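Notes for the one structure printed next.
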Amino acid sequence: MKSLIEWPKSRSSTNSSSSQKSPRNRKERRNRKRGRSSQDCRLERKEMRVRDLGLGYDSDEIVLFKYCVGTCMSARKNYDLALKVLTDNGSIPSRKVSTQPCCRPTRFETISFMDAQTSWQTIKWLSAANCSCVG
Numbered sequence: 001m002k003s004l005i006e007w008p009k010s011r012s013s014t015n016s017s018s019s020q021k022s023p024r025n026r027k028e029r030r031n032r033k034r035g036r037s038s039q040d041c042r043l044e045r046k047e048m049r050v051r052d053l054g055l056g057y058d059s060d061e062i063v064l065f066k067y068c069v070g071t072c073m074s075a076r077k078n079y080d081l082a083l084k085v086l087t088d089n090g091s092i093p094s095r096k097v098s099t100q101p102c103c104r105p106t107r108f109e110t111i112s113f114m115d116a117q118t119s120w121q122t123i124k125w126l127s128a129a130n131c132s133c134v135g
């Protein structure tokens, strides 16, 4: 069984050569930590006609619609792991239980555009500005 509990590492095991790492090695290590798989939670963009958004606005204007995609498997906590086991073995009914975090907007943007009657329209909280694993 996997657990997400991490124990602090002892600093006494470091040697003197580790403190003299080249800038290149530090940069590679930093990039490796930030590295994300193509399935991780992220923001994507698509140019869309306002009319095609399905909100009832009559406009052919193009807006940049931003949305969240991806999985959050790497963001699971011990709670999520235990809950999954308990729902899988029937200890807890799984009818409305989410056993993993989901990729959702954590900040939104407002979009303004001109409609077919040449009036300015503004839609609040339409487009995602930031995505994160929630739950």
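Counting with UniProt numbering, you get residues 1 to 135 for the letters of the sequence shown.
C-beta: ideal position from N, C-alpha, C; glycine also.
From a predicted model like this one, the values you see are computed outputs, not experimental measurements.
Closest Cα partner of residue i within the set the options
{"i": "residue 101", "options": "48, 115, 39 and 132", "result": "132"}
{"i": "residue 54", "options": "134, 126 and 130", "result": "126"}
{"i": "residue 58", "options": "129, 117 and 128", "result": "117"}
{"i": "residue 106", "options": "97, 135, 82 and 47", "result": "135"}
{"i": "residue 45", "options": "69, 56 and 60", "result": "69"}
{"i": "residue 65", "options": "97, 56 and 47", "result": "47"}
Residue i, enclosing alpha helix (DSSP H) - first and last residue
{"i": "residue 50", "result": "That residue, residue 50, is in no alpha helix (DSSP H); it is neither H nor E in DSSP."}
{"i": "residue 79", "result": "78 to 88"}
Straight-line gap, residue i to residue j (C-alpha atoms, nearest Å)
{"i": "residue 49", "j": "residue 80", "result": "39 angstroms"}
{"i": "residue 123", "j": "residue 103", "result": "22 angstroms"}
{"i": "residue 51", "j": "residue 39", "result": "30 angstroms"}
{"i": "residue 74", "j": "residue 88", "result": "20 angstroms"}
{"i": "residue 67", "j": "residue 108", "result": "10 angstroms"}
{"i": "residue 120", "j": "residue 92", "result": "51 angstroms"}
{"i": "residue 41", "j": "residue 76", "result": "12 angstroms"}
{"i": "residue 72", "j": "residue 115", "result": "38 angstroms"}
{"i": "residue 84", "j": "residue 90", "result": "10 angstroms"}
{"i": "residue 113", "j": "residue 43", "result": "22 angstroms"}
Segment limits, beta strand (DSSP E) that includes residue i
{"i": "residue 67", "result": "62 to 69"}
{"i": "residue 112", "result": "102 to 114"}
{"i": "residue 129", "result": "120 to 134"}
Residue i classed as buried or exposed, judged by whether at least 16 other C-beta atoms fall within 10 angstroms
{"i": "residue 129", "result": "exposed"}
{"i": "residue 111", "result": "buried"}
{"i": "residue 95", "result": "exposed"}
{"i": "residue 63", "result": "buried"}
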